[in-house]
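Notes follow the structure.
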Amino acid sequence: MAFYYPEESYTFSEYLLVPGYSSSDCRPENVDLKTPLVKFKKGEEPRISLNIPMTSAIMQAVSGEKMAVALAQEGGISFIYGSQSVEDEAAMIARVKSFKAGFVVSDVNLTPDLNLADVLELRAQSGHSTMPVTHDGTPNGKLLGIVTSRDYRVSRLDKNTKVSEIMTPFEKLIYGEDGISLSEANDLIWEHKLNQLPIIDKDQNLVSLVFRKDYDTHKNNPREILDEKKRYIVGAGINTRDYAERVPALIEAGADVLCIDSSEGFSEWQKLTLDWIREHYGDSVMVGAGNVVDAEGFRFLAEAGADFIKIGIGGGSICITREQKGIGRGQASAVQDVAKARDEYFEETGVYIPICSDGGIVYDYHMTLALAMGADFLMLGRYFARFDESPSNRVSVNGTYMKEYWGEGSARARNWQRYDLGGNKNKLSFVEGVDSYVPYAGSMHDGVDVSLAKIKSTMCNCGALTIEELQQKAKLTRVSATSIVEGGAHDVLLKDKTEHFENSFRS
Ligand code: IMP
Numbered sequence: 020m021a022f023y024y025p026e027e028s029y030t031f032s033e034y035l036l037v038p039g040y041s042s043s044d045c046r047p048e049n050v051d052l053k054t055p056l057v058k059f060k061k062g063e064e065p066r067i068s069l070n071i072p073m074t075s076a077i078m079q080a081v082s083g084e085k086m087a088v089a090l091a092q093e094g095g096i097s098f099i100y101g102s103q104s105v106e107d108e109a110a111m112i113a114r115v116k117s118f119k120a121g122f123v124v125s126d127v128n129l130t131p132d133l134n135l136a137d138v139l140e141l142r143a144q145s146g147h148s149t150m151p152v153t154h155d156g157t158p159n160g161k162l163l164g165i166v167t168s169r170d171y172r173v174s175r176l177d178k179n180t181k182v183s184e185i186m187t188p189f190e191k192l193i194y195g196e197d198g199i200s201l202s203e204a205n206d207l208i209w210e211h212k213l214n215q216l217p218i219i220d221k222d223q224n225l226v227s228l229v230f231r232k233d234y235d236t237h238k239n240n241p242r243e244i245l246d247e248k249k250r251y252i253v254g255a256g257i258n259t260r261d262y263a264e265r266v267p268a269l270i271e272a273g274a275d276v277l278c279i280d281s282s283e284g285f286s287e288w289q290k291l292t293l294d295w296i297r298e299h300y301g302d303s304v305m306v307g308a309g310n311v312v313d314a315e316g317f318r319f320l321a322e323a324g325a326d327f328i329k330i331g332i333g334g335g336s337i338c339i340t341r342e343q344k345g346i347g348r349g350q351a352s353a354v355q356d357v358a359k360a361r362d363e364y365f366e367e368t369g370v371y372i373p374i375c376s377d378g379g380i381v382y383d384y385h386m387t388l389a390l391a392m393g394a395d396f397l398m399l400g401r402y403f404a405r406f407d408e409s410p411s412n413r414v415s416v417n418g419t420y421m422k423e424y425w426g427e428g429s430a431r432a433r434n435w436q437r438y439d440l441g442g443n444k445n446k447l448s449f450v451e452g453v454d455s456y457v458p459y460a461g462s463m464h465d466g467v468d469v470s471l472a473k474i475k476s477t478m479c480n481c482g483a484l485t486i487e488e489l490q491q492k493a494k495l496t497r498v499s500a501t502s503i504v505e506g507g508a509h510d511v512l513l514k515d516k517t518e519h520f521e522n523s524f525r526s
């Protein structure tokens with residue numbers, strides 16, 4: 020006979036935290052959100068910890084290289100999407116690892132035989148007024164000069180004037196040599212009153228640009244996570260089919276941690292993937308697995324050797340797995356069950372395996388609830404897709420800016436097939452995700468700051484200064500459908516609906 024869970028499964032919106040005693044130390048500036056990413060033995064430190072409990076989802080619309088750098092600067096980690104060729108994914112990882120804060124690879128470049136009309140057009144398209152001139156117009160070609168808006172007067176100059184006549188030629192440029200530190204580059208900028216400094220290699224090839232306007236931004240990333248060579252930490256998604264080619268390429272490119280990306284992880288395919296990695300790399304390669312939604316699934320992946328375990332089936336905003344296949348579980352119940360299994364496993368073995376609540380975070384307070392229920396960190400798709408740093412397009416829909424956001428199991432992404440269990444290379448016959456828009460939310464730094472402020476404030480209400488303390492002290496209550504209505508503004512006529520919408524976000 021089938022097994023029936025004794026309770027319904029619940030989701031985050033059906034719970035609230037009840038405040039505990041807060042001492043006068045309980046102030047947001049005293050809250051530390053550091054959390055383990057990978058497993059560790061009792062009394063030891065994990066090999067990677069996050070400074071904020073956020074990771075970005077393994078999705079084409081979310082985790083590209085720009086997101087990876089920005090999130091590592093904030094103290095979290097991105098998992099670059101695996102639904103692309105091995106070479107492309109490895110190249111993205113390599114670019115994140117070679118990214119140096121403050122050194123920008125120029126994306127708009129000229130050749131000397133273009134003319135002023137081309138310069139003006141490129142300027143309008145890109146919004147950049149500084150354009151290096153390289154012999155072949157590539158970002159790493161031989162640097163011949165630079166054009167800035169100070170070099171031409173549109174009203175006086177013929178639009179056919181060649182770039183070679185307008186540019187400040189290389190001989191007159193101040194430049195830095197590859198290997199220079201950011202603070203040395205900034206010293207040159209200040210000393211020579213420059214707006215930008217080109218960095219070149221020993222053959223005069225352009226490497227990057229350092230901009231004066233970025234000076235303050237780069238001085239200030241107190242939470243950033245770096246490896247021992249001071250490069251940003253980055254993760255990479257893998258699958259249960261091509262790991263024998265993908266894993267070596269990603270490791271070679273510098274990925275710090277991997278994660279098997281699958282909508283359902285309680286499978287032999289995941290064990291085979293983990294076995295292969297252990298056989299070839301021992302414990303030197305760290306790899307997360309999932310997704311599971313109960314204690315049994317957790318135990319299976321823990322024993323198979325996962326370094327962290329992801330929880331969540333069917334709760335993602337773009338996900339229609341539950342509708343299509345009738346599998347899944349309310350995310351709050353899943354997190355609670357798996358957290359209990361994680362603690363029991365720790366008691367038994369002395370090994371702590373961090374767990375990640377993946378998908379279904381709609382309000383900022385859901386993040387705090389997931390942490391209070393036992394998650395060590397969160398994986399967020401929709402949340403990050405909204406920001407400038409996500410790889411998807413920003414479009415205007417009925418006068419409002421939106422970003423595109425599509426599921427990995429949607430028709431748009433599905434030729435990469437995350438949604439079979441593994442092994443099977445045939446195309447799937449149905450989709451498990453949708454293609455959508457999400458409201459554009461500007462820069463990630465500002466958005467994350469607001470969310471963290473809310474998390475810290477709630478933790479203070481619970482008398483907790485760390486995530487571990489929150490998990491020990493949290494008092495949670497289920498809420499009735501009627502009291503959910505009571506939770507929002509009600510029985511008043513709102514003067515500014517936009518403000519209310521933004522505050523209550525759905526961040
Ligand atoms: P969100 O944060 O609610 O948008 O959920 C993101 C999570 O949804 C991802 O981390 C995946 O676990 C999951 N996901 C991504 N694409 C799909 C899909 O097409 N169908 C079902 N789940 C998906």
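All you need for our numbering is the position in the sequence shown, starting with 1, plus 19.
Every residue gets a Cβ at the ideal spot worked out from N, C-alpha and C, and that includes glycine.
In the displayed model, residue 506 falls within a helix according to three-state DSSP. Here residue 334 is buried, its C-beta having at least 16 other C-beta atoms within 10 Å. Taking a cut-off of 8 Å for Cβ pairs, the segment 68–80 and the segment 384–399 touch, as three or more such pairs fall below it. Closest in alpha carbon position to residue 383, among 463, 141 and 472, is 472. Contact check for residue 147 against residue 173 fails: the beta carbons are separated by 7 Å or more.
Residue 41 has its alpha-carbon roughly 17 Å from the corresponding atom of residue 35. Taking a contact as a CB-CB distance under 8 Å, the pair residue 112 and residue 307 does not count as one, their CB atoms being some 16 Å apart.
Its chain contains 158 and 227 as the residues whose beta carbon lies nearer than 6 Å to that of residue 124, once the 5 sequence neighbours on both sides are disregarded; these appear in chain order. When DSSP states are grouped into helix, strand and coil, residue 496 belongs to the strand group. In the structure shown, residue 330 adopts extended strand secondary structure according to DSSP, grouped into three states. Among the bridge pairs identified by DSSP, residue 452 is matched with 338.
Considered as a whole, the segment 214–280 harbours 234–238 and 262–272 as its complete alpha helix (DSSP H) runs of no fewer than 4 residues, in chain order. For residue 95, the Cβ stays outside the 6 Å cut-off from all heavy atoms of ligand 1. Taking a contact as a CB-CB distance under 8 Å, the pair residue 373 and residue 319 does not count as one, their CB atoms being some 17 Å apart. Collapsing the DSSP output to three states places residue 354 in a helix. Under the three-state reduction of DSSP output, residue 479 falls in the helix class. Distance from the C-beta of residue 452 to the nearest heavy atom of ligand 1 is below 6 Å.
If you look at residue 419, you'll find it in the beta strand (DSSP E) that goes 419–425. Secondary structure in the segment 161–215: the alpha helix (DSSP H) runs of 4 residues or longer, each lying completely within the stretch, are 182–185 and 201–210 in chain order. DSSP, reduced to helix, strand and coil, places residue 51 within a strand of the structure shown. Using a cutoff of 6 Å, the CB of residue 377 counts as near ligand 1, since one of the ligand's heavy atoms is closer than that. Residue 60 places its beta carbon less than 7 Å from that of residue 370.
The three-state reading of DSSP puts residue 466 in helix, counting H, G and I together.
Residue 427 has its CB nearer than 6 Å to a heavy atom of ligand 1. Between residue 252 and residue 91, the C-beta spacing is below 7 Å. Going by C-alpha positions, residue 289 is about 6 Å away from residue 259. Residue 284 and residue 310 have their C-alpha atoms roughly 5 Å apart. Between the segment 81–91 and the segment 345–359 there are fewer than three inter-stretch CB-CB distances shorter than 8 Å, so the stretches are not counted as touching.
Distances from the alpha-carbon of residue 257 to those of 206, 107, 500 and 140 put 107 closest. Using a Cβ distance threshold of 7 Å, residue 337 and residue 452 count as a contacting pair. Distances from the alpha-carbon of residue 277 to those of 152, 28 and 77 put 77 closest. Relative to ligand 1, even the nearest heavy atom lies 6 Å or more away from the CB of residue 431.
Nearest Cα to residue 201 within the set 120, 316 and 512: 120.
Counting along the chain, the unbroken alpha helix (DSSP H) around residue 386 starts and ends at 383–391. Distances between the C-beta of residue 195 and the heavy atoms of ligand 1 are all 6 Å or more.
Distance from residue 95 to residue 130 at the Cβ level is roughly 40 Å; contact not present, criterion being Cβ atoms closer than 8 Å.
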